[in-house]
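A.B. asks: Residue numbers (my numbering), protein chains in the order written: chain A, 1 to 112; chain B, 113 to 568. Ideal Cβ placement from N, Cα and C applies to all residues, glycine included. From a predicted model like this one, the values you see are computed outputs, not experimental measurements. Handing you a structure now.
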Amino acid sequence: MRVPLWKIAHARSGDKADRADIGLFAYDPESYAVLRREVTRERLAAHFASIAGGPVELWPLDNLLALKIVLNGALQGGAARSLRMDNLGKSVAARLLRMEIEAPADLPRLLR
Amino acid sequence: MKRVRIGAGLGFYGDSWQPVRASIERGGVQYIASDHLSELTLAILQKDRQRDPAAGYARDCVPMLAELWPLAAKHGVKFVLNAGGLNPQGAREAIARVLREQGWKASIATVTGDSVAERIDELRAAGESLAHMDTGADIGTVRERLLFASAYLGAQPIAEALARGADIVLTGRVADAALSLGPVAHELGWRWDDWGRLAGGLTVGHLLECSGQGSGGNFGSAGGWAAIPDYAHLGYPIAEVYEDGSALLTKAPGTGGRVSFDTLRQQLLYEVHDPHAYRSPDVVLDMGTLELRDEGGDRVRVRGASGAARPASLKIVAGYHDGWMGTGMIGFAWPEAYAKCAKSAEIVATLVRERGWAVEDQQVEYLGYDSLLGEHADPACRDQLNECFLRMTIRTRERRIADAFGRLFPWLGLSGPPYVGSMKGVQPARELLGIWPALARRELVEPAVRVEVEAT
């Protein structure tokens, strides 16, 4: 079934120069396995096509049940020259949590 | 086993120091590591210094220490802070003055030598291109517009200051995590090539450098944030660091917030690029081997950091003038709140065009609809809004245009769409700053570093 990421994961984002970076954290190992499979660089690039001018980078961290995601060229050159309300990219994580993925309906987190 | 307890101070220039009180009074800390500088705070400080040569430091350190130093002295707590900004000596004088006025004594150290703004040509002559780290662009393209340029120093000068008896260590630009790593390495007697232990200390510094974000603040989640207890009295994180490089993360008893596996792992990956090579001037950390064990009760054990040798170059961040931003805002009540904002944006765009203003870029956002979520806003909400605010911004080379842009909006109140709110004055032009990250070999920077310790 289609599931938005916020149902199985939490996330925080920040800025470094023209990069928005996001930590995406599964609530449990079962959800992490789904994130590993479904949250790919290609899908992230498509989801963030409207803001990421450069390549998307992705690192899985099994020890933290987490994915580290970096969107290059995503902050209009950097927080202090950006025209956006969210110049620091703090809400980029919220934008990620709206992404929908395919997940089994019996995932423990979804049955809570 | 030897141990040292470090408490988080501020996480940015303007942050609250009230939570630091609880860490000193009942958190058992020996040091407060306080981070006053974001990537571009030095640009603000540079403008201050242009107006007043005695300024150029993060001014909040003065009232902070005036209030907290008596308590810190009573509990034997020392402060390490980067509030020196572009003028650690100026910060030292201001702090010494206020402590003297209150009859307090302290040995205050300054760490200087991080600023390379006056040494750009010298570094280039020595073979450093100072090309933009991400784009490879030539620094010559922004050379005339540079406002500051500072190298990120490491923890060694901080440890040296402490070894020489400093109670308060004031630095300029240092790696944020070095504010903790300095006192940790000093207290535990670590060698500067003991990469594993240093990596553990760096991990702790990174977890503490954003104050409340390490203890439940900004817990990015749907629903999870609401379960964080007592935000009003949120305690800043505290780390008890052991000889082997492992640590216990916690906070002062009786404070709000939450130190857990979930809140800590959010901070661990915050503003990190490659988590397997988190670079600092002192060590390169691999977070892939870290183990976070949540013991409950706001106690998390952190161990297993892997470290690789420190990099041969230091990171330099420079800031340069990059035009002006003009901002206009106007809000409308139902009915058709969004449509009226959109119409206003169209009217303003017409006025800008007719005036022939040179505008490099513009942004149109609808507060209450898409100003934070952008294209990820749910369009089903758009035409049902109770109220909506238009925010329009432009980037231009001319300050005059940026100022005039904001003045286009009030007129709409009587001559535009109906049910206006928010006519609360005009926003003046704001200077925009570009950021220029570059690298320089450490042997070109470090010989200029000075540590001076003086009693008040």
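Specify, as a first and last residue, the run of the alpha helix (DSSP H) that B:P200 falls within.
C.D. replies: The residue labelled residue 200 of chain B in the question sits at position 88 within the second sequence. It spans P200 to E213 - the alpha helix (DSSP H) in which B:P200 sits, taken as one unbroken run.
A.B. asks: Counting only beta-carbon atoms, is B:I442 nearer than 8 Å to chain A?
C.D. replies: Translated into the one-based positions of the second sequence, residue 442 of chain B becomes position 330. Judged by the 8 Å Cβ criterion, B:I442 is not in contact with chain A.
A.B. asks: Could you say which of A:A79, A:G78 and A:V34 lies nearest to A:A66 if we only look at CA atoms?
C.D. replies: Walking along the first sequence from the start, residue 66 of chain A turns up at place 66. Among A:A79, A:G78 and A:V34, the Cα nearest to that of A:A66 belongs to A:V34.
A.B. asks: When you compare the region 77–94 of chain A with the region 12–32 of chain A, are there three or more beta-carbon pairs, one atom per stretch, that lie closer than 8 Å?
C.D. replies: In short, these stretches touch, since the Cβ pair count reaches three.
A.B. asks: State the Cα-Cα distance for the pair B:R503 and B:G480, rounded to the nearest angstrom.
C.D. replies: Residue numbering aside, residue 503 of chain B sits at position 391 when the second sequence is read from its first letter. Residue numbering aside, residue 480 of chain B sits at position 368 when the second sequence is read from its first letter. Computed Cα separation, rounded: 11 Å.
A.B. asks: Any chance the region 60–75 of chain A sits against the region 384–395 of chain B, with 3 or more Cβ pairs inside 8 Å?
C.D. replies: These segments touch.
A.B. asks: Helix, strand or coil for B:I574, going by three-state DSSP, please let me know.
C.D. replies: This structure leaves residue 574 of chain B out entirely; chain B is present only between 113 and 568.
A.B. asks: If you run the structure through DSSP and keep just helix, strand and coil, what is B:I442?
C.D. replies: The count along the second sequence starts at 1 and reaches residue 442 of chain B at position 330. Here B:I442 sits in strand by DSSP.
A.B. asks: I'd like to check one pair, B:K217 with B:T568: are the Cβ atoms closer than 8 Å?
C.D. replies: Here the question's residue 568 of chain B lines up with position 456 in the second sequence. Here the question's residue 217 of chain B lines up with position 105 in the second sequence. Cβ atoms of B:T568 and B:K217: closer than 8 Å.
A.B. asks: Could you check which residue in A:R109, A:L64 and A:P4 has the C-alpha nearest to that of A:V39?
C.D. replies: As a working mapping, residue 39 of chain A is identified with position 39 in the first sequence. Of the listed residues, the one whose Cα sits closest to A:V39 is A:P4.
A.B. asks: Would you call B:C493 buried or exposed, if buried means 16 or more other Cβ atoms sit within 10 Å of its Cβ?
C.D. replies: Taking the first residue of the second sequence as 1, we reach residue 493 of chain B at position 381. B:C493 comes out exposed.
A.B. asks: Any beta carbon from chain A within less than 8 Å of B:N330's own beta carbon?
C.D. replies: As a position in the second sequence, residue 330 of chain B is number 218, starting the count at 1. So yes, B:N330 belongs to the interface.
A.B. asks: Return no unless some Cβ of chain B is closer than 8 Å to the Cβ of A:V70.
C.D. replies: Translated into positions along the first sequence, residue 70 of chain A becomes position 70. A:V70 counts as touching chain B.
A.B. asks: Relative to the alpha-carbon of B:K114, which residue among B:G328, B:R411, B:E352 and B:P165 has its alpha-carbon at the smallest distance?
C.D. replies: On the second sequence, residue 114 of chain B is found 2 positions in, with the first residue counted as 1. It is B:E352.
A.B. asks: Report the residue from B:L551, B:V557, B:I547 and B:A552 whose alpha carbon sits nearest the alpha carbon of A:K16.
C.D. replies: The residue labelled residue 16 of chain A in the question sits at position 16 within the first sequence. It is B:I547 whose Cα lies nearest to the Cα of A:K16.
A.B. asks: Which class does B:C453 belong to by DSSP, given the choice of helix, strand or coil?
C.D. replies: Position 341 of the second sequence, counted from the first residue, corresponds to residue 453 of chain B. Of the three classes helix, strand and coil, the one that applies to B:C453 here is helix, per DSSP.
A.B. asks: Return no unless some Cβ of chain A is closer than 8 Å to the Cβ of B:S418.
C.D. replies: Residue numbering aside, residue 418 of chain B sits at position 306 when the second sequence is read from its first letter. Taking Cβ atoms only, chain A never reaches closer than 8 Å to B:S418, which makes this a no.
A.B. asks: Give me the residue from B:R554, B:C322, B:P295 and B:N194 with the minimum Cα distance to B:E355.
C.D. replies: Here the question's residue 355 of chain B lines up with position 243 in the second sequence. For B:E355, the nearest C-alpha among the options comes from B:P295.
A.B. asks: Helix, strand or coil for B:C322 per DSSP?
C.D. replies: In the second sequence, the residue the question calls residue 322 of chain B occupies position 210. B:C322 falls in the coil class under three-state DSSP.
A.B. asks: Please check if any C-beta of chain B sits within less than 8 Å of the C-beta of A:M1.
C.D. replies: For the purposes of this step, residue 1 of chain A is identified with residue 1 of the first sequence, where counting begins at 1. Taking Cβ atoms only, chain B never reaches closer than 8 Å to A:M1, which makes this a no.
A.B. asks: So which residues of chain A does B:T505 contact, with C-beta pairs closer than 7 Å?
C.D. replies: By 1-based counting over the second sequence, the position of residue 505 of chain B is 393. Result: L83.
A.B. asks: What does DSSP give as the partner residues of A:P60 in its beta bridges?
C.D. replies: For the purposes of this step, residue 60 of chain A is taken as residue 60 along the first sequence, with counting starting at 1. BP columns for A:P60 point to A:L67.
A.B. asks: Does the region 357–364 of chain B come close enough to the region 47–57 of chain A that 3 or more CB-CB pairs lie under 8 Å?
C.D. replies: Contact fails: fewer than three Cβ-Cβ distances are below 8 Å.
A.B. asks: If I measure Cβ to Cβ from B:M176 and keep anything under 7 Å in the same chain, skipping five residues before and after, which residues do I get?
C.D. replies: The residue you call residue 176 of chain B lines up with position 64 of the second sequence. W129.
A.B. asks: Using the beta-carbon of each residue, which ones in chain A are nearer than 7 Å to B:I547?
C.D. replies: The residue given as residue 547 of chain B occupies position 435 in the second sequence. Those within 7 Å of B:I547 in chain A are A17, G78 and A80.
A.B. asks: Determine the direct distance from the alpha carbon of B:A457 to that of B:L526, and round the result to whole angstroms.
C.D. replies: Here residue 526 of chain B is taken as the residue at index 414 of the second sequence, counted from 1. Here residue 457 of chain B is taken as the residue at index 345 of the second sequence, counted from 1. C-alpha separation (whole angstroms): 16 Å.
A.B. asks: Is B:D406 helix, strand or coil by DSSP?
C.D. replies: Taking the first residue of the second sequence as 1, we reach residue 406 of chain B at position 294. Looking at B:D406 - three-state DSSP - the assignment turns out to be strand.
A.B. asks: Nearest chain B C-beta to A:L111 closer than 8 Å, yes or no?
C.D. replies: Mapped onto the first sequence, residue 111 of chain A falls at position 111. Not closer than 8 Å to any Cβ of chain B, the Cβ of A:L111 fails to qualify, so no.
A.B. asks: In this structure, how does DSSP classify B:K536 when only helix, strand and coil are distinguished?
C.D. replies: Residue 536 of chain B sits at position 424 when you count from the first residue of the second sequence. Looking at B:K536 - three-state DSSP - the assignment turns out to be coil, as it is neither helix nor strand.
A.B. asks: Just list the residues that DSSP pairs B:F501 with in beta bridges.
C.D. replies: Position 389 of the second sequence, counted from the start, is the residue given in the question as residue 501 of chain B. Paired residue(s): B:G443 and B:L479.
A.B. asks: Within 10 angstroms of its Cβ, does B:Y390 collect 16 or more other Cβ (buried), or is it exposed?
C.D. replies: If you number the second sequence from 1, residue 390 of chain B lands on position 278. Buried is the call here.
A.B. asks: For B:W307, does the count of other Cβ atoms within 10 angstroms reach 16, so buried, or fall short, so exposed?
C.D. replies: Counting from one through the second sequence, the residue named residue 307 of chain B turns up at place 195. So B:W307 ends up on the buried side.
A.B. asks: To the nearest angstrom, how far is it from the Cα of B:L524 to the Cα of B:L544?
C.D. replies: Mapped onto the second sequence, residue 524 of chain B falls at position 412. Mapped onto the second sequence, residue 544 of chain B falls at position 432. Their Cα atoms are separated by approximately 27 Å.
A.B. asks: Leaving out the 5 sequence neighbours to the left and right, which residues in its chain are closer than 7 Å to B:S327 when beta-carbon positions are compared?
C.D. replies: One-based indexing of the second sequence puts residue 327 of chain B at position 215. Hits under 7 Å: L346, G347, Y348, P349, K363, G369, R370, V371 and T375.
A.B. asks: In whole angstroms, what separates the C-alpha of B:A297 from that of A:W6?
C.D. replies: Sequence index remark: in the second sequence, residue 297 of chain B carries index 185 (1-based). Sequence index remark: in the first sequence, residue 6 of chain A carries index 6 (1-based). Rounded to whole angstroms, B:A297 to A:W6 spans 40 Å at the Cα level.
A.B. asks: Do you know whose CA, among B:A185, B:R411, B:Q214 and B:D226, lies nearest B:N199's CA?
C.D. replies: The residue you call residue 199 of chain B lines up with position 87 of the second sequence. Closest by alpha carbon: B:D226.
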